[in-house]
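First residue of the sequence shown: 1096, per my numbering; consecutive thereafter.
Note that the Cβ used here is the ideal one computed from N, Cα and C, for glycine as well.
The structure appears right after this line, and notes come after that.
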Amino acid sequence: MSDKPEKFIDENGLRLDGRRVDEIRPMKMEIGVLSRADGSCYLEWGKNKVLAAVYGPRELHPRRMQKADSVLIRYRYNMAAFSVEDRIRPGPSRRSTEISKVSREAFEPVVLTHLYPGAVIDVFAEVLQADAGTRTAAINAASVALADAGIPMKGLVSACAVGKVDGQLVLDLNKPEDNYGDADIPMAMTSDGEITLVQMDGDVTQEEFKQAIEMCKEGCRQIMEIQKETLRNKFTKLDDVEVPDEDEDVDVSALVESTLESSEDDVEDEEEAEVESEDDTDQEEEVEGGDEDSVDEDESESEDAEDLDSVELVEDLEESFTDVDEEDATDDEDEDEKA
Ligand code: UDP
1096 MSDKPEKFID ENGLRLDGRR VDEIRPMKME IGVLSRADGS CYLEWGKNKV LAAVYGPREL
1156 HPRRMQKADS VLIRYRYNMA AFSVEDRIRP GPSRRSTEIS KVSREAFEPV VLTHLYPGAV
1216 IDVFAEVLQA DAGTRTAAIN AASVALADAG IPMKGLVSAC AVGKVDGQLV LDLNKPEDNY
1276 GDADIPMAMT SDGEITLVQM DGDVTQEEFK QAIEMCKEGC RQIMEIQKET LRNKFTKLDD
1336 VEVPDEDEDV DVSALVESTL ESSEDDVEDE EEAEVESEDD TDQEEEVEGG DEDSVDEDES
1396 ESEDAEDLDS VELVEDLEES FTDVDEEDAT DDEDEDEKA
């Protein structure tokens, strides 16, 4: 790691990388870069390189993890072992677990989760090269990947950090500012300025915090323009795609049904093999306001689903979200064995 610089901002008000205090690093995005994902985005922001992939909505297995009245969003932030100077040990860590959790929560207020009860949307954010601000970079890429996957959202989410160096607030920290600065405040927000993520490392005054929010809003506004431009570029190229007539009514519920039906077909074999564990059936409280029928046609399994407690389900998830892939794989293997 390089040594702490004597000064972060020179006499002309410029930072070590030549930016002004309120300037973000150059950002570029490419959409639809992965053919197997439902939506994807590759982002370069300064020296950060991040790939985001979205899968779903698809039916969630194992079923005990399903939410009766909404889709489950899973978000996995991961740094590649080679993404930083010192090799990172592969697999989840405290840091990646925390970032995955807060990033998932940054999207929950904007995704129209009630449209896909019992389903799951998986978001994978892979940091290929890290240079400060990777959690915000991942959120920006994931936001575009979600839109690319056609996930219904109230709007895009954009993210940026504000920090403090040499007693001054700076937008979008570079590596030395992140490592040696006095504060680091990553935020995510919607186009309406609704904050969906805020974290703080270090100290700022109340006044500085308010100022930081305003700086971040401006940074996110610029990022959102880049995100929108990326999406526009892709979708204006799709001239040959069939678009329904303006007069034609689009039946949203039929669209939702057909999406879930197609994902049900994909997992038909797994459904047959599924066996609920005794622990799960011990749970007593009923799921309220659920619409199990939309994802659960088997009557006996419906009864099992009604026995589940949604609070416990969420707790289950919180415990297990760190390593969802491995857990899924293990569960599926267990179920296969039992079957
Ligand atoms: N970093 C690193 N090794 C790690 C974690 C982070 O070298 O195990 C570097 C990486 O460049 C990252 C920066 O430290 O971007 C700042 O990390 P932080 O935890 O503040 O998260 P970020 O700013 O990337 O969201």
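Just to confirm, are residue i and residue j a CB contact at a threshold of 8 Å?
i: I1126; j: K1329; result: yes
i: L1326; j: A1236; result: no
i: V1299; j: M1282; result: no
i: K1261; j: K1102; result: Here residue 1261 turns out to be Asp, not Lys, going by the sequence shown. Against a cut-off of 8 Å, the Cβ pair of K1102 and D1261 comes out as a contact.
i: D1226; j: N1107; result: no
i: C1315; j: A1254; result: yes
i: S1435; j: Y1172; result: Residue 1435 lies beyond the residue range present for the chain, which begins at 1096 and ends at 1434; the question has no answer from this structure.
i: L1241; j: V1149; result: yes
i: M1310; j: D1117; result: yes
So does residue i have its beta carbon nearer than 7 Å to some heavy atom of the ligand UDP?
i: T1231; result: yes
i: P1100; result: no
i: E1180; result: yes
i: A1225; result: yes
i: G1228; result: yes
i: K1270; result: yes
i: D1279; result: yes
i: R1189; result: no
i: I1318; result: no
i: I1436; result: Past the boundaries of the shown model lies residue 1436; the chain is included only from 1096 to 1434, so the question cannot be answered.
Round the Cβ separation of residue i and residue j to the nearest angstrom and send it over; I've been treating them as touching at under 8 Å.
i: I1168; j: E1221; result: Actually they do not touch by this definition, with Cβ atoms about 17 Å apart.
i: I1234; j: V1257; result: Contact flag wrong, Cβ pair sits at about 15 Å.
i: L1129; j: V1215; result: No, L1129 and V1215 are not in contact; Cβ-Cβ is about 18 Å, not under 8 Å.
i: G1213; j: K1259; result: Actually they do not touch by this definition, with Cβ atoms about 45 Å apart.
Over what stretch of residues does the alpha helix (DSSP H) that includes residue i continue unbroken?
i: D1243; result: T1229 to D1243
i: F1304; result: Q1301 to K1332
i: E1118; result: Where E1118 is concerned, there is no enclosing alpha helix (DSSP H), given that its DSSP letter is neither H nor E.
i: E1272; result: K1270 to Y1275
Over what stretch of residues does the beta strand (DSSP E) that includes residue i continue unbroken?
i: P1185; result: Counting along the chain, P1185 falls outside any beta strand (DSSP E), and DSSP gives it neither H nor E.
i: N1173; result: L1167 to M1174
i: D1143; result: Note that residue 1143 is Asn in the sequence shown, not Asp. Looking at the DSSP string, the run of the beta strand (DSSP E) that includes N1143 is N1143 to E1154.
i: K1259; result: V1252 to V1260
i: P1204; result: Segment: none, P1204 is in no beta strand (DSSP E) and carries neither H nor E.
i: D1279; result: A1278 to T1285
i: V1265; result: Q1263 to L1266
i: I1216; result: A1214 to Q1224
i: S1135; result: G1134 to W1140
Legend entry - contact_flag[the region 1265-1274, the region 1154-1162] where n(CB pairs < 8 Å) is 3 or more: no
Legend entry - Touch test, the region 1179-1192 against the region 1132-1143, Cβ-Cβ under 8 Å, three pairs minimum: no
Inset, instruction - Decide yes or no for the touch test of the region 1198-1213 against the region 1235-1250: beta carbon pairs closer than 8 Å, at least 3 of them. - result: Judged by Cβ distances under 8 Å, the region 1198-1213 makes contact with the region 1235-1250, as three or more pairs qualify.
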